[in-house]
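S.K.: Attaching a single structure in structure tokens format; questions to follow.
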Amino acid sequence: MKMNYKEKLEDFLNRGLIKPQERNFSQIEKLILRAYKDLEVAKINLKIDEEVAYNYAYLSMLRCGRALLFLKGFRPTDGQQHKTVIEIVSLILGDEFKDIIEKFDRMRRKRNQFTYDPFLPVSKEEAENALKTAENFVKIISEFIKKESPQQEFKF
7 MKMNYKEKLE DFLNRGLIKP QERNFSQIEK LILRAYKDLE VAKINLKIDE
57 EVAYNYAYLS MLRCGRALLF LKGFRPTDGQ QHKTVIEIVS LILGDEFKDI
107 IEKFDRMRRK RNQFTYDPFL PVSKEEAENA LKTAENFVKI ISEFIKKESP
157 QQEFKF
């Protein structure tokens with residue numbers, strides 16, 4: 007039996023992967039603004055260090071994902087917070103954004119690999135693709151958050 011949105015959220019809560027959190031629009035805004043800054047850091051570092059560029063592209067996506075969870079009144083709590091963020095973002099955005107969510111998850115796994123294995127380099131092409139994916143994702147999440155909370159005057 008396939009679970010609906012509410013049942014899936016309940017499952018995440020019951021498994022201790024997320025917990026309720028009061029919405030804090032200032033916190034959401036800070037995460038999104040930091041995500042845009044991370045994109046700038048990634049762009050600047052593309053010429054210097056592909057791994058750093060890739061990492062900051064990924065971080066921009068993670069911050070946006072966390073902002074989306076906070077918007078919905080949740081916070082990840084488990085030892086695999088990055089994976090949980092991706093799973094919940096996928097649940098919130100739905101099938102329309104399946105491709106970008108899959109890229110986000112691949113980036114998470116790649117980042118984990120090169121963080122712990124110095125023999126797994128990041129190519130210039132991988133870093134450039136990560137940056138493009140991150141820019142698109144940050145835009146999608148920023149627009150989603152503004153649409154969900156039109157009464158807020160976000161500065162992003």
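What the sequence shown shows, in our numbering, is residues 7 to 162, in sequence order.
Glycine residues also receive a C-beta, built at the ideal position from the N, C-alpha and C atoms.
Where does the unbroken alpha helix (DSSP H) through residue 18 begin, and where does it stop?
M.R.: Looking up residue 18 in the sequence shown gives position 12. 11 to 20 is the extent of the alpha helix (DSSP H) around residue 18.
S.K.: For the stretch 13 to 31 against the stretch 136 to 148, are there 3 or more C-beta pairs whose distance is under 8 Å?
M.R.: No contact exists between the stretch 13 to 31 and the stretch 136 to 148.
S.K.: Reducing DSSP to helix, strand and coil, say where residue 115 ends up.
M.R.: What you label residue 115 is simply residue 109 of the sequence shown in a count that begins at 1. Three-state DSSP puts residue 115 in a helix.
S.K.: Just tell me which of 109, 29 and 95 has its CA closest to the CA of residue 139.
M.R.: If you number the sequence shown from 1, residue 139 lands on position 133. It is 109 whose Cα lies nearest to the Cα of residue 139.
S.K.: Does the structure place the stretch 90 to 110 close enough to the stretch 44 to 60 that three or more beta carbon pairs sit under 8 Å?
M.R.: Flag = no, the stretch 44 to 60 and the stretch 90 to 110 do not touch.
S.K.: Pull up the distance between the alpha-carbon of residue 61 and that of residue 88, whole angstroms please.
M.R.: The residue labelled residue 61 in the question sits at position 55 within the sequence shown. The residue labelled residue 88 in the question sits at position 82 within the sequence shown. Going from the Cα of residue 61 to the Cα of residue 88 covers about 13 Å.
S.K.: Identify whether residue 54 lies in helix, strand or coil by the three-state DSSP scheme.
M.R.: What you label residue 54 is simply residue 48 of the sequence shown in a count that begins at 1. Residue state, collapsed to three classes: coil.
S.K.: My guess is that residue 91 and residue 107 are in contact by the Cβ rule of under 8 Å, so how many angstroms apart are they, rounded?
M.R.: Sequence index remark: in the sequence shown, residue 91 carries index 85 (1-based). Sequence index remark: in the sequence shown, residue 107 carries index 101 (1-based). So it is not a contact: roughly 11 Å between Cβ atoms.
S.K.: Under a three-way DSSP split, which group does residue 80 fall into?
M.R.: For the purposes of this step, residue 80 is identified with residue 74 of the sequence shown, where counting begins at 1. Three-state result, residue 80: strand.
S.K.: If I follow the unbroken beta strand (DSSP E) through residue 25, where does it start and stop?
M.R.: Mapped onto the sequence shown, residue 25 falls at position 19. 24 to 26 is the span of the beta strand (DSSP E), which, as asked, contains residue 25.
S.K.: Measure the C-alpha to C-alpha separation of residue 82 and residue 76 and round it to an integer number of angstroms.
M.R.: As a first step, residue 82 is located in the sequence shown; it is residue number 76 there, counting from the start. As a first step, residue 76 is located in the sequence shown; it is residue number 70 there, counting from the start. Taking the straight line from one Cα to the other gives about 9 Å.
S.K.: Compute the Euclidean distance between the alpha carbons of residue 5 and residue 125, then round it to the nearest angstrom.
M.R.: In this structure the chain extends from 7 to 162, so residue 5 is not present and cannot be described.
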